[in-house]
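Order-wise, the sequence lines are chains A and B. Taking the working numbering, the leading residue of the first sequence gets 1, the next gets one more, and so forth. Taking the working numbering, the leading residue of the second sequence gets 1001, the next gets one more, and so forth. First up is the structure itself, then whatever we jot down about it.
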Amino acid sequence: MYLQSPLPLGNCGTRLCFPYEELDVSDLNDWTPRPWLALQNPSEAVTRPPALSTEYTTKTKRSEAMMADEATRRVFPTEPASHLRPRSRSVKSLVSTPESSFWRTFRSSTLHPSYLHLPITSLSFSPNSSLLAAASSTSVRVFSSLSLSEYDPTLFATLPLPDLAYSPSFRCDGALIAAGCENGAVRVFDLPNDKPPKTLRRLNAHSCASRVVGFPLLDHKLRLFSAGDDALFVQWDLPTETPLFSVPGAHRDYIRAGAPSPVSPDVFVTGSYDHTVKIWDARVNSGTSSVLSINHGHPVESVLFLPSGGLVATAGGNTIKIWDVIAGGKPVYSVETHNKTVTALTLAKVRDDTRLLSVSIDGYLKSFDFSRFKITHSMRYPAPLLSVAFSPTGTIRVVGTNNGAMYMGIKKKKDEFEDQVGSDDFAWSVPLPEKPTSRKNIRYFKRGQSEKPSEGDFIIKRPEKVKLKEHDRLLRKFLHKDALVSVLKTQQTTSIMAVLEELVARRKLIKCISNLDNDELKLLLSFISKKATQPWCARFFMDLAKWVLEIRAEDIRSGGPEMAVHVRNLRSMVAHEIQVQRSLQEIQGMISPLLVIAGK
Amino acid sequence: MIVGGQSLVTSPPVFSHDGKKLLVCTGCTVSVFSTTTGMLITELEGHTERVTSIVVVPVAGTVGTKFSDYCWTASLDGMIFYWDFSTPDLLKKVNVQLPVHSFVIPNILSASLGRSDKASQNLYAFISVEDANKGVENGKHLHGSIQIYDLTNSTRAGGVLAETHKPETLAISKSGEFVGIKKQKQLNIWRVPNKNLKSVNMKKLKLHHTRTLSCLAFHPTKCIVAAGDVSGRILIWRGFGKMRHSQDGGGKMKIDMGDRPGVRGEDDADSCSTWHWHSSEIKFLMFSSDEAYLFSGAKEGVIVVWQLDTGNKTYKPNIGSPLMYFTDSPDPSLSCVSCEDNQIHLLRMPSMDIIKSISGIKPPLILSELQGDRSRVTIGCDRSIGFVALPTKDYRIQFFSLLDGTDISHLQVIERNYDPVDETTVFISLVEVSDDGSMMSTVEEKLPEMGIGGLISLKFWIRGSHTGQYTLSTIIYEPHNNAGVSDMAFCPGRSMAVSTSYCGNFKVWVNNSSFIHSGDDIQEKGGWRCQSVSSYKEIPMTAAAFSGDGSVLAVAAETKITLWDPLNNVLVAIIGDSLGPIRQLAFVGSSEYIMSFSSGTKADLVVWNISNLSTHWSYKLLVEDICCTRSETRVAVLALLSSSDKSISTGKDGMVLVFDVENPIPVSTWFVKKAKGGRLSFINNKLGEATDGKLLLAYINGEHNYVLFDPSNVKEQEDLIPKSARRPQSYAHDENVSHGYASIYGELPSFDLTKARSSDSIPFVSSERPWETIFSGSSHALPPLSKLCSPFLESLLEKAEKQTVLSQ
């Protein structure tokens, strides 16, 4: 039965050598010009592992069988279905949802806890400190100070275990850590800061590998539960190393998943390869029968209580199912987005929401919004994923692969909402229907600006800003001469007239004329000499010309040839005008007797 | 008879003790305005001369009469009156016998408070009176004097405190401790003793300055006095009167001469600082109620707020007219400022925003540099609705309703900002409103600078949807080249106007514009165009008039009257010579007569007969204005009396004569004051209160006081602008704004009594047994409680009598 599923166990200890092994994920991020290469390379690499894996000697018969199975199968990430592929650059803009931009704020880095490329079967964050425990091969390594500044996080401690280690679990205060072992003994270590960890308790009850070990989530520090391949489920009293609640034969197959309830220290859920998920209550001592049993339909790889405690998420095969426990195990929702077996589930805090993260052998990490039952984001990694953990602070995301690499994403300090599209190359997500823009968004402030008024709307126009000409501005500042000079430079007769009239009204024209310097006087004279005889403004300009000549006589005399030209022009204009007037008078003299005669 | 147009700004206004009413001296009456609505509530009538100052009793009436407000008013007729201005009732008369120009009552607070326990405390007033008979004394004309008057006993208390060249305005500190006047270049300050107020134990303190002082103000609590002078400086004396006032009976203390910055000579003050921002005479100074600021104002129209400690200043920019007075109210968030353009603005205090404006008729435009006939600034008059269009200094036209006595609207004619400091270079020289008020034309003149420039433009306006709302239709620059427009006339019943000019021609303007309705606004296409130009022997045209049917246009060419057909521009006839150049023409109704008058040395008033082109009758009379009815044959003439006439001494320099045009003997005559620059107009009586359908004659005198009367009803010997006349008060109800208790719990029903009291149109039935009818009638016109009380008690007696009768 278990052979049907591609077990991560089969890869345990497999030496895989990828051509892009040294390739950093952050490099992949920058690898934008060749998007397809990232997807195609793994499939090329897949051809090699079988040859390598033959050299490997497995420890158990079962795992050997698995190896044989794996040699014929591709365990590696397959190409996603064509409709799931990221299409092109331009489509990326569609992908930009608040969720994807959140995930994009994580900066990725790769970690190799051991250089043996052994699969990382389990990852766990300490609830209150930033310690991360990773189970890989025969050791549980505890890392601390996971941050972007240090590329290689410092190794805090290595827990000594005699055989393959499974399922490290921190106590709720982070002071103790427990781990299961291939030989069945569950060990509890303390984590002092300066000394190497010491085995505090050894709990012997399992005859086979104790795959599931967990402290209760609630503040119950002296309890521990474990389950294992021998289908035994035990709740332990830590100080006395005695089982408080023991269910032999809890399942009919390996128990590979288990979780404590977030609402009660005595309620647990276990999932087994016999396709069932069982809820246990330590307070109900009814022998071997569980409180609730649910059939998942596939060998259960991971099981999880959702934060409310009333819903249980189970992963088995390539489906994730959500069950309502309170309603008696009613299926709520089923997701089938992964192409291969879902190996681990965890909860993640996304902004103010909680998401269910699932990882799969197909190399995808998917974020599932269980409040709306929607996959909100998906990330692809270049290796089959076995484990996932998300730090309680919501800033670190770690996935463990079957080749010993841990891909870590650490959130940048700022949640850049409007980060440019495409910083994470293998990030794509289902575009969400557009949410109402939040206040942080620039669109919030621009909303409704392009709105057209509808019929019957009363339109209030914004008063148009009066744009003042320069001479108007100068007049406003009482810089009368500057205003006159600036308007004379424009050569517009009407504005010049207006400015001159305004100066008259302010009683400042004579003063302006006497203050003009020679160049400005030339400007004025040239203007007067051009316009002096125009009929509509002649009266004004003749008076003005008279005054200018009178006031500035000396300056004009000493002003050089240019000034003289203007004066000469003026004189000829006036002489011409007198000529015209005279001839007009002659004509009038001729016409008026005719008119008188005509009138009679 | 409707009288109005009094200046609101002859004296500072005074707030009532609760700050809800504003008492304004308006001629012979005191008008009480509501500060919430800005409307007139009531008027106090009784004085026979101009009221000069008001003192409000700072606490409300006491026992029983809870809603009464009391005030003292003084007038130039030598009387001081005591009023309950909520009713309004005249309670007491005190005859001072000399014209009172200003008075203050220092112990008004203690006297009014202490009345209940100590009935004998007398109320003393400092009065500033004019004593014209005093004559020359030591070579000085000392007309004014400051005296103390016992208001309780109506006797003069002691002698004269000070004598001044002219009557001065008294200033008093808020606590009543100090009273002061300005006396040319010095301040005189008296400290008022708490008891035994006699002029002999009043010590005078003098503070000197080098310039003539114009106003003063006391700090509310400290010994600080501020004075403004004619050059715009503000002087602040701190700690004045410490030596003099502290040692009352003792000998003269040695004054420490050192360390008294700014104090002149032996003045009794700690320090004197000078602030200078204003460029002209300081009109008012006022300390703020929180004692931290000093407000000052002058001609610029800017209230300057000085921080008292530092001298830093902020400004309330341009109110738009020279300021006169600033009054603060007991309500710290309210004060008011009086402007020279006959407006009182109520200000919200810290921010100095204008809440309401109480505006009267604008004062006449005085253009000193213009001479003779040309400068005649005319007033337009709408006969149908009864408003006048007055050109104002700030380039606007004020539309003022004569019937209601209210400001209707303002129209900005010249697009300029008005600055009171600038000299007048642009002004509105002529306003003409057509008879039905649908069209208006204005002529504005720009005065040339040293012979350059000078622009006359003619604007035609068309009435909008509201009264007094006009929109500009056409601007015509230089309608008669550079010559001035002497007269305008609108053709009745047609869009036609004529403008005459001094250059010897007249133009007929027609408006054949079409209106294009585009959306909301009506666009006018076309506008006023010149239809024809005509001249008569190049003689300056001085006046024009259309006949009642619009078929004949009469234009005066100096001494001759030319009659034209306005449509065809044909000279019909010429009527021969008057004595001088004709100033105005008027067709008399639909009759065959035309009336003209000329001014100058050969002034005359002539009635011409058009049918036989001859003089009908004439007077040798200096006429200021004539006015004819459109339908009847009555004409009204405003004539100026020559200086030899004996009635000049009484101040009446003109008369209004009403003629029937057939008869040279006037139908009726009235003598009027200040007739120079006056206007006459017949106005349709839309109220119809006096006589139905008859025309009212409006007379506006040179100071823009006006009277509306029915010429057939008013007796001849009566003075126009009588001493007491009522304005209609249809809108006078006070808008009660709820404060405190009322704002939370709503109005108490008993407070309606004040409302009822504030309106004086309650019909009181004074029968023998008033209790029988007292509650009959509308419920909103209940008589006040004080009036109800005695009848009620009487009714009780009546019942008892009846009972006794029955028992008998």
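We put the beta carbon where it would ideally sit given N, CA and C, even for glycine. Nothing here was measured: the structure is a model prediction, and the numbers come from that model.
Asked: When E502(A), A209(A), P307(A) are compared against S371(A), the one with the closest alpha-carbon; Found: P307(A)
Asked: Per DSSP, cross-strand counterpart(s) of M406(A); Found: L111(A), G400(A)
Asked: Heavy atom of the ligand HEM within 7 Å of T1037(B) beta-carbon; Found: Summarising the ligand content, the structure contains no ligands, and the ligand HEM is consequently not present.
Asked: Buried versus exposed, by CB contacts within 10 Å (16 or more), W1190(B); Found: buried
Asked: Whether V300(A) touches H338(A) by CB criterion (8 Å); Found: no
Asked: F540(A): first and last residue of the uninterrupted alpha helix (DSSP H) it sits in; Found: 538-551
Asked: Positions along the stretch 526-553 of chain A whose CB lies within less than 7 Å of some CB in chain B; Found: R539, F540, D543, L544, W547
Asked: Within-8 Å CB hit, A1732(B) to chain A; Found: Confidence at A1732(B) is low in this model, with a pLDDT of 34, below 50, so the placement of that residue is unreliable and no value is reported for it.
Asked: Span of the beta strand (DSSP E) around T1406(B); Found: 1406-1412
Asked: Whether L161(A) touches V140(A) by CB criterion (8 Å); Found: yes
Asked: CB contact below 8 Å: E501(A) versus chain B; Found: yes
Asked: Residues from the stretch 1437-1462 of chain B in contact with chain A, defined by Cβ distance under 9 Å; Found: K1446, L1447, P1448, E1449, M1450, G1451, I1452, G1453, G1454, L1455
Asked: C-alpha distance - E464(A) paired with S1031(B), whole-angstrom precision; Found: 44 Å
Asked: Chain A contact for K1254(B) (CB, 8 Å cutoff); Found: Reliability fails at K1254(B), whose pLDDT of 48 lies under 50, so the model's placement of it is uncertain and no value is given.
Asked: Simplified DSSP assignment, three categories, for K198(A); Found: coil
Asked: Nearest-angstrom Cα separation, counted from E1794(B) out to S1053(B); Found: 40 Å
Asked: Beta-carbon separation (whole angstroms), A1227(B) vs H1208(B), contact threshold 8 Å; Found: Between H1208(B) and A1227(B) the Cβ distance is about 11 Å, and since that is not below 8 Å, they are no contact.
Asked: 6 Å Cβ shell around D1248(B) - same chain, five flanking residues per side excluded; Found: Here the model assigns D1248(B) a pLDDT of 45, short of 50, so the residue's position is not dependable, and the following value carries that caveat. Excluding residues within five positions, none has a Cβ falling inside 6 Å.
Asked: Endpoints, the alpha helix (DSSP H) within which C512(A) is located; Found: 509-515
Asked: Option in V1498(B), Y1395(B), L1696(B), G1241(B) with minimal Cα separation from E1445(B); Found: Y1395(B)
Asked: Among L1022(B), V1635(B), F1671(B), L1563(B), the one whose alpha carbon lies nearest that of I1344(B); Found: L1022(B)
Asked: Cutoff 8 Å; reference Q420(A); Cβ partners in own chain excluding five residues on either side; Found: Here Q420(A) scores only 39 on pLDDT, less than 50, and its place in the model is too uncertain to base an answer on.
Asked: Contact with chain A by T1036(B), beta-carbon distance below 8 Å; Found: no
Asked: Contact residues within the stretch 1405-1431 of chain B, judged by C-beta distance below 9 Å to chain A; Found: R1416, D1422, E1423, T1425, V1426
Asked: Nearest-angstrom Cα separation, counted from H220(A) out to V263(A); Found: 12 Å
Asked: Which of helix, strand or coil DSSP assigns to R1630(B); Found: coil
Asked: Where M379(A) falls: helix, strand or coil (DSSP); Found: strand
Asked: Sub-8 Å separation of S529(A) and H576(A) beta-carbons; Found: no
Asked: Three or more C-beta pairs below 8 Å linking the stretch 1425-1436 of chain B and the stretch 1400-1407 of chain B; Found: no
Asked: Expected contact under 8 Å - CB spacing of I1582(B) and A1556(B) to nearest Å; Found: 4 Å
Asked: Closer than 8 Å to chain A by CB, N1505(B); Found: no
Asked: Members of the stretch 1473-1487 of chain B near chain A, C-beta cut-off 8 Å; Found: N1481, N1482
Asked: Nearest-angstrom Cα separation, counted from H1276(B) out to K1313(B); Found: 11 Å
Asked: Neighbour-count burial assignment, L1797(B), 16 or more Cβ in a 10 Å radius; Found: exposed
Asked: Three-state secondary structure (DSSP) of P1058(B); Found: coil
Asked: Min CB distance I510(A) to chain B below 8 Å; Found: yes
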